[in-house]
Amino acid sequence: MDPDVDVIPRLMNGLQQLQPQTTMETGASRLITAHAALSNHMYNESRTLRDLSLSLHSSALPLPDTSDLLTSLIDLIPRPPIHPLNELSSLRSVTAQLVAQLAFLSDTLHMARQSSIAANRKLRVAREACAEWKGELEMAERGRRWIEDGDWVGKCSRREAAGVCGEVMEGFERVCVGVEKEMKAMLTV
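Sequence positions in the sequence shown follow this note's numbering and run 287 to 475.
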């Protein structure tokens, strides 16, 4: 079998089975762009280097007899005093200290605010507990008076004990609901 005979059908078959080449084309495009950018950069840098070297080797350098004149002119150039630089340096250090102290003050205020919030929360819990204790003391005093009043025969005939038991159960339910609310509040905090 001659390999030259079926070259075109094999090529056509291979091209038909060829996978998409978009990744390779994108990579080649990026490589071309990067190469163009680098060659542009190299051209610009070489031109800058040429211009700088020309300015160094130019014949525009001053003559040797003008060096004394240039030295005396350099001495005439005013030099800025160093005093403002020292003042700026001290101002910078004082400003840095002020910033540090303000940051410390901010942190202290934040901690004081957190402590105040915690104290308010504890005060509210203490008030609620005092209100509950006051209510319990009033109920205990009322129960004590009811017992001390006597008239047990009349109370039994009027079935007051059932009413009192109902009141006790209602009080117990209120206490349970209050405990449940406190537990929910503790969970949300």
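Built from N, CA and C at the ideal position, the CB exists for glycine as well.
Since the model is a prediction, treat every value here as computed from it, not as a measurement.
What residue range is occupied by the uninterrupted alpha helix (DSSP H) comprising residue i?
i	result
P370	369–435
V293	293–302
Pop quiz: residue i and residue j are said to be a contact at Cβ under 8 Å. What is the actual Cβ separation, rounded to whole angstroms?
i	j	result
G464	E418	7 Å
D450	W432	What sits at residue 450 in the sequence shown is Val, not Asp. Right, their Cβ atoms sit about 7 Å apart.
Hey, is residue i's beta-carbon within less than 8 Å of any beta-carbon in chain D?
i	result
Q305	No chain D is part of this structure, which consists of one protein chain only.
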